[in-house]
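Quick note: our numbering has the sequence shown finishing at residue 160, numbered continuously throughout.
In this text, a Cβ means the ideal position worked out from N, Cα and C, and glycines have one as well.
Please read these numbers as outputs of a predicted model, since none were measured by experiment.
Structure first, then comments.
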Amino acid sequence: MTSAVDTNILLDILIPGQSRVEESKRLLELYLAKGRLVICEIVYAELASQFLSAQDLNRFLAETGIRLVSSNEKALYIAGGKWVEYSKKKSPMQCFHCGRHLKLSCPHCASVILTRQRVLSDFIIGAHALVHADILLSRDRGVYKTYFSGLKIAENS
């Protein structure tokens, strides 16, 4: 089994004082025992902020058994298509965790405020997991449930 890992799971471990560090460690250990862990180039780039050098980042990945697998053309094309679908929607804010839509309104006129909360990177991570893995380890379930219905997302332990 190949499990793709989203940045938020790894940042739980890398940033001191995170409340979900143990939960994320257990999740990684559980899925590493089932097969291999992979990240895409976006996750690699996002993780770079936590390391002084590429060598340090690569050492962390090697020590945790995580491999960098670059997105192929199919994954990138899917990501672009899902991004277009998302960018055309005018929807209320969405909970990153469960996907529920929330209405935010102006306190002055009561008009509903519509916003886009996602960037293309989120769609590349989702499409990469869909094409290159069997499951995605992430806490950002909302966008993946909505736009990647065929993607299996791990439940927290």
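Beta-carbon separation (whole angstroms), residue i vs residue j, contact threshold 8 Å
i	j	result
ALA136	ALA82	About 14 Å; that fails the 8 Å criterion.
GLY102	LYS155	In fact, because the Cβ distance is near 15 Å, the residues do not count as touching under 8 Å.
TYR34	LEU40	6 Å
ILE45	SER124	5 Å
CA nearest to the CA of residue i, picked from the options
i	options	result
LEU71	ILE128, CYS98 and VAL87	ILE128
ASP143	ALA157, TYR89, LEU133 and MET4	ALA157
VAL24	TYR89, ASP15 and GLN53	ASP15
ALA51	CYS109, ALA113, TYR89 and THR10	THR10
CYS43	SER90, ASN75, CYS112 and GLY145	ASN75
Residue i: first and last residue of the uninterrupted alpha helix (DSSP H) it sits in
i	result
ALA185	The requested residue 185 does not occur in the structure, where the chain is confined to residues 4 to 160.
ARG144	144-150
Segment limits, beta strand (DSSP E) that includes residue i
i	result
LEU40	39-42
LEU60	Run containing LEU60: none in the beta strand (DSSP E); it sits in the alpha helix (DSSP H), 57-67.
ILE138	138-140
Reduced DSSP secondary structure (H/G/I, E/B, other) of residue i
i	result
SER108	strand
GLN21	coil
ARG103	coil
ARG29	helix
Residues of its chain near residue i, where Cβ-Cβ distance is below 7 Å and the 5 sequence neighbours each way are ignored
i	result
TRP86	LEU123 and PHE126
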